[in-house]
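For the sequence shown, the UniProt record's numbering begins at 1 and goes up steadily by one. Reviewing the structure listed below.
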Amino acid sequence: MSDPLLELRDVEAGYGETQVLEGVSLDVHAGETVALVGRNGVGKTTTLRSILGAVTPTGGRISYDGEEITAIDPVETVRRGVGIVPEERRVFPGLSVEENLRIGSYGGSDTPNRRSVDEVLDTFENLSRRRESRGVDLSGGEQQMLSIGRALVAGADLLMLDEPTEGLAPLIVERVVDLVEEINDEGITVLLVEQNVAVALELADRVYILDKGTVVYEGTPAELEADERILDRYLGVSV
Ligand SMILES: Nc1ncnc2c1ncn2[C@@H]1O[C@H](COP(=O)(O)OP(=O)(O)OP(=O)(O)O)[C@@H](O)[C@H]1O
Ligand SMILES: [Mg+2]
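Shown next as structure tokens:
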């Protein structure tokens, strides 16, 4: 197999005195959708923040596209083509849909995967219909779509999504799943953090389970689905 697009080796990170990641190693290859799952508080978001550079690892190594990015800042990480759709969505409540998307065009990355505001509005009909609406007036699903759309405007070759389906109604979850699939089909590599194990299994080519700051399992969705012991032990679910 070719070299991974993103590689984490023994990454340690935390907040002040609190160590959260105790040596996380994982690979994401170009074109893949990789899911990172695990119970609350095990360090999923901290892993994404470490990759982005919002948290600086205290140990280990992160490389992207063949270059070490362990200690670079978020602006530089994004410039190199790593996008993030954060857990909190961060839609600006007082700005319109169009203005929220335009925010993505400041800075960002000049990858060919970069989309214009109009291209995103063309693809996301539900946003296009609400182009003048303010962020505060959008539903949870619309805010999630807007947050994903903004990351596409910023430009990403690797898009990291932190629990994109959290708190959404089942019908809207399916829309987000379809959207992530489309994004991946168009050539964007995806690293997905999900609490919804069914969604992770549906979308991912490979799944990593994180527990207490380390990777405790790696496999395909089919392998994981067949392993009730692992599902129960680390995720507390049966599928
Ligand atoms: N800014 C912060 N300062 C201090 N501790 C933090 C901070 N952010 C997270 N933590 C702690 O780090 C640990 C891991 O948090 P993290 O957000 O990475 O977990 P997670 O797997 O994403 O959980 P969730 O499923 O709840 O989103 C938790 O114990 C959390 O309380
Ligand atoms: Mg989290």
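Beta carbons: idealized from backbone N, C-alpha and C, even for Gly.
Here the alpha carbon of L171 sits roughly 22 Å from the alpha carbon of V190. In terms of Cβ geometry, V34 and D205 form a close pair [threshold 9 Å].
Those residues placing their Cβ nearer than 5 Å to any heavy atom of ligand 1 are, following chain order, Y15, V20, N40, G41, V42, G43, K44, T45 and T46. In terms of Cα proximity to V176, the closest of V153, L203 and N100 is L203. In the three-state DSSP reduction, D110 falls in the coil class, being neither helix nor strand.
Shown here, G213 sits in coil according to DSSP, grouped into three states, outside any helix or strand. R90 sits away from S139, with the two beta carbons spaced by 9 Å or more.
Sorting I62, V37, T47 and A200 by C-alpha distance to the C-alpha of L5 places I62 at the top. By the neighbour-count definition (other C-beta atoms within 10 Å, threshold 16), T56 is an exposed residue. D185 has no beta-bridge partner at all, per DSSP. In terms of side-chain proximity, the C-beta atom of E87 is found nearer than 8 Å to a non-hydrogen atom of ligand 2.
In this structure, R130 sits near E142, with a CB-CB distance shorter than 9 Å. If you look at R9, you'll find it in the beta strand (DSSP E) that goes L6 to Y15. Looking at G213, L231, T58 and S96, the one whose alpha-carbon comes closest to that of L121 is S96.
Using a cutoff of 8 Å, the CB of V215 does not count as near ligand 2, since none of the ligand's heavy atoms is closer than that. In this structure, DSSP gives V55 a state outside helix and strand, which the three-state scheme calls coil. Proximity of the beta carbon of V193 to ligand 2 is indicated: a heavy atom of the ligand is located closer than 8 Å.
In terms of side-chain proximity, the C-beta atom of E163 is found nearer than 8 Å to a non-hydrogen atom of ligand 2.
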